[in-house]
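So the protein sequences, as listed, match chains A and B. FYI, in my numbering the residues of the first sequence are 2 to 336. FYI, in my numbering the residues of the second sequence are 197 to 468. In this text, a Cβ means the ideal position worked out from N, Cα and C, and glycines have one as well. A short worksheet on the structure shown next.
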Amino acid sequence: MPEQLAFTIEVFLNGLMAGVLYALVALGFVLIYKASGIFNYAQGVMALFAAMTLVGIQNGQVPFSHLINAILGTDVHHFGWHVHSAIAIVFTVAVMVVLAVCVQRFVFRHLVGQEPIILFMATIGLAYFLEGVADLMWGSEIKSLNVCAAEGACLPQGLNMWIDETTYNAFGYGFFIDNLDIVASIVAIILVVGLVMFAQYTKQGRAMRAVADDHQAALSVGVSLNFIWILVWSLAGFVALVAGIMWGAKSGVQFSLSLIALKALPVLMLGGFTSIPGAIVGGLIIGVGEKLFEFLIGAPFLGGATENWFAYMLALLFLVFRPQGLFGEKIIERV
Amino acid sequence: MNATAESYTTEDGRTIGPVVMEMKNITLRFGGVEAIKDISFDIREGEIRAIIGPNGAGKSSMLNVISGFYVPQEGEVWYKGSRRPSMRPYQVAEQGIARTFQNIALFEGMSVLDNVMTGRLTHMNTGLFAQSFWKGKAEQEEIANREVAEKIIDFLEIQAIRKTPVSRLSYGLKKRVELARALAAEPSILLLDEPMAGMNVEEKEDMSRFILDVNDEFGTTIALIEHDMGVVMDLSDRVVVMDYGKKIGDGTPDDVRNNQDVIDAYLGVAHD
């Protein structure tokens, strides 16, 4: 096998894995957008917030420690214990549910029936507010996230090699693939299958689809919109946590994590804002597209760094030729 | 008039049950406009109760008050012998009051069967945990709910389009699917908002037949709104007539037909 072809395949595979991470973030957007028509700008910050909370709980960090110390004149930073990552994840999910309830209770319940642009503005506000809270709560230094943090506090054995790159041999050629990426892909697949099953086969899932389709009709069959919105924000929080873990493990938990949300935008334009499969396929196309473009055209001919803008350009093309995305509901106006 | 707690038999042999819902002195305002002015009437078990009136009379507002979409400023709603506290629409639905809408509110992206199944949501009680394993109680419940849905689909003769996405159906069929979804809840009161609006003669006849059959077969209490006098007179047991937010007539179709106020409202009258 020629060297060049094998290398292309490796780039392709890496792109696929990066795409999975984009798809995870995009999924959070789709969930909320479908059920409530809100484009949640804060999704990326939610991923950041979730990842920081997870690390904070794992390391036994005292939340709001700077604030507490400044007011009380104390000097506490750590509880002095380490929490098993599985337990920390459960606590973080609980925090995300509380966040969902608060967001619904204090913000969006008062904005029911407002223009989409107003709801969007509210989510921008929410994003900055949440970023501030995250900073105040856990501090702004870069933290490394290892889901198998302390010795002995790891899930099944052997997962410590998550972050390592491993060489896989195929066709007599060594492929460099992040083990983390493989784990991320598997988690993403489980997550998506789980979400689809939930939406398809449970009472709450049915109610969720009903709300996504028509608010008035949903009310008339006995669905509480408030409950469903809290449910959807909780799910989005959970998806944000998963995305946060994956990105955090890859590049450290830092504030630039919230910017990955911007990469989800072109993914959504490709996949359509209302389609869960669309988010997945869109993410994969963007991931593969930008890596291959960089490798085949960008680096040799355009001076590189095309990954920064390739996704947006692709999205622009889609907006011109297929505004509803690959899987979005086709917009047909009856005259 | 008949006592509220007793049943009675009409001249053509229909048995009408005791009062199941009573509206007492309802007043509803939108800003300075009074959409409903001090209206009282009752709905009896097993009857077909019509609310009629010209456009803008406040009929739809009345239906929205019953189904909890509007909260009246004054007056009381009594349901099954007790006063109903202020409720949200989904709570009203949980109490067994189902409705359809004048401008059809279906889940366009779902199939007909899925739409009808959403009507069963208030009958699904298994917890999320049990559902995720899809065994035992959860499975039985799903099967039972599915049976009810299929029975209603059969009854309304929409088997052929069970799997069709609702967005592809004609207007008349959509109205029928909406009726099916409301019926799937096995409601104690079924509210129909202009079930025949915008239909051609044939569709109107079909719909009339279904409404009568539903009432006959399931004994469902039906309250419906219509501004086409002819249709209503044939269908209903008792009629409330509204005009400019006020009640101007209440009684059997024959009573109402001979009521001078009603004739004036419909035919117009010279005010001097």
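Going by DSSP, what residues sit across from residue i in a beta bridge?
i        : result
B/Lys442 : B/Asp439
B/Ile421 : B/Ile247 and B/Asp389
B/Tyr275 : B/Met217 and B/Ser278
A/His79  : A/Gln62
B/Leu224 : B/Ile232
B/Pro361 : B/Ser307
A/Lys292 : Paired residues: none, contrary to the question.
B/Tyr204 : B/Ile212
B/Arg434 : B/Arg245
A/Lys144 : A/Val254
Hey, is residue i's beta-carbon within less than 9 Å of any beta-carbon in chain B?
i        : result
A/Leu14  : no
A/Ala36  : no
A/Asp76  : no
A/Gln341 : Shown here, chain A extends from 2 to 336; a query on residue 341 of chain A therefore has no answer.
A/Gly159 : Only weak support exists for where A/Gly159 lies, its pLDDT of 37 falling under 50; the value from the coordinates is given anyway. Judged by the 9 Å Cβ criterion, A/Gly159 is not in contact with chain B.
A/Ala19  : no
A/Leu226 : yes
A/Gly114 : no
A/Gly223 : yes
A/Ala237 : no
Using only CA atoms, which one of the options lies nearest to residue i?
i        : options                                   : result
A/Ser37  : A/Ala52, A/Thr307, A/Val282 and A/Phe274  : A/Phe274
B/Ile385 : B/Arg280, B/His423, B/Lys255 and B/Met217 : B/Met217
B/His319 : B/Arg405, B/Ala461, B/Gly445 and B/Val344 : B/Val344
B/Met403 : B/Tyr462, B/Asp412 and B/Met392           : B/Met392
B/Leu259 : B/Asn455, B/Asp389 and B/Val273           : B/Asp389
B/Leu309 : B/Ile300, B/Ser263 and B/Thr360           : B/Thr360
B/Glu418 : B/Leu375, B/Asp234, B/Gly332 and B/Ile444 : Rather than Glu, the amino acid found at residue 418 of chain B in this sequence is Ile. Residue B/Leu375 is the option with its Cα nearest to B/Ile418.
A/Ala200 : A/Ile39, A/Ile143 and A/Ile229            : A/Ile229
A/Ala280 : A/Ser66, A/Pro3, A/Gln5 and A/Lys35       : A/Lys35
B/Glu405 : B/Val427, B/Ile421, B/Gly394 and B/Glu422 : Here the sequence assigns Arg to residue 405 of chain B, which means Glu is not the residue at that position. Per the Cα distances, B/Val427.
A/Val224 : B/Gln291, B/Ala253, B/Pro250 and B/Ala201 : B/Gln291
A/Ser286 : A/Met270, A/Phe30 and A/Ser86             : What sits at residue 286 of chain A in the sequence shown is Ile, not Ser. For the residues A/Met270, A/Phe30 and A/Ser86, the minimum Cα distance to A/Ile286 belongs to A/Met270.
B/Gly277 : B/Gln355, B/Ala356, B/Asp409 and B/Ala201 : B/Ala201
Where does the unbroken beta strand (DSSP E) through residue i begin, and where does it stop?
i        : result
B/Ile248 : Ile244 to Ile248
B/Phe237 : Val229 to Arg240
B/Ile293 : Ile293 to Arg295
Let me see if you follow: with CB-CB separation under 9 Å, is residue i close to chain A or not?
i        : result
B/Ser263 : yes
B/Arg342 : no
B/Glu290 : yes
B/Tyr462 : no
B/Leu420 : no
B/Tyr286 : yes
B/Phe303 : yes
B/Gly315 : yes
B/Asp310 : yes
B/Thr296 : yes
In the DSSP assignment, find the unbroken alpha helix (DSSP H) run with residue i in it and report its ends.
i        : result
A/Ala128 : Pro117 to Trp139
B/Arg405 : Val397 to Phe414
A/Gly249 : Leu226 to Ser252
B/Ile459 : Gln456 to Leu463
A/His216 : His216 to Ser221
A/Tyr34  : Glu4 to Ser37
B/Ile339 : Lys333 to Phe351
A/Ile90  : Ser86 to Cys103
B/Ile357 : It is not in any alpha helix (DSSP H) - B/Ile357 carries neither H nor E in the DSSP assignment.
B/Glu374 : Tyr367 to Ala380
A/Lys264 : Ile261 to Gly272
TODO: Could you tell me whether the region 314-326 of chain A touches the region 229-243 of chain B, using the rule of 3 or more Cβ pairs below 8 Å?
DONE: Of all C-beta pairs linking the region 314-326 of chain A to the region 229-243 of chain B, fewer than three are shorter than 8 Å, placing the two stretches out of contact.
Task: Inter-stretch contact (C-beta, 8 Å, three-pair minimum) for the region 368-384 of chain B and the region 339-351 of chain B - done: With the cut-off at 8 Å, the region 368-384 of chain B and the region 339-351 of chain B touch.
TODO: Determine, using beta-carbon pairs with one atom in the region 197-208 of chain A and one in the region 11-19 of chain A, whether at least three such pairs fall under 8 Å.
DONE: no
TODO: Decide yes or no for the touch test of the region 261-270 of chain A against the region 310-321 of chain A: beta carbon pairs closer than 8 Å, at least 3 of them.
DONE: Yes, the region 261-270 of chain A touches the region 310-321 of chain A.
- [ ] Spell out a yes or no on whether the region 82-102 of chain A and the region 233-250 of chain A are touching, meaning 3 or more CB-CB pairs, one atom from each, closer than 8 Å.
- [x] With a cut-off of 8 Å, the region 233-250 of chain A and the region 82-102 of chain A count as touching, because enough Cβ pairs lie within range.
Open item on the list: Check whether the region 227-243 of chain A and the region 46-54 of chain A touch, using three or more Cβ-Cβ pairs below 8 Å as the test.
Closed with: yes
- [ ] Specify whether the region 253-268 of chain B and the region 449-458 of chain B touch according to this definition: at least 3 beta carbon pairs, one from each stretch, less than 8 Å apart.
- [x] no
- [ ] Check whether the region 356-371 of chain B touches the region 276-289 of chain B, counting contact only when three or more Cβ pairs, one atom from each stretch, lie closer than 8 Å.
- [x] no
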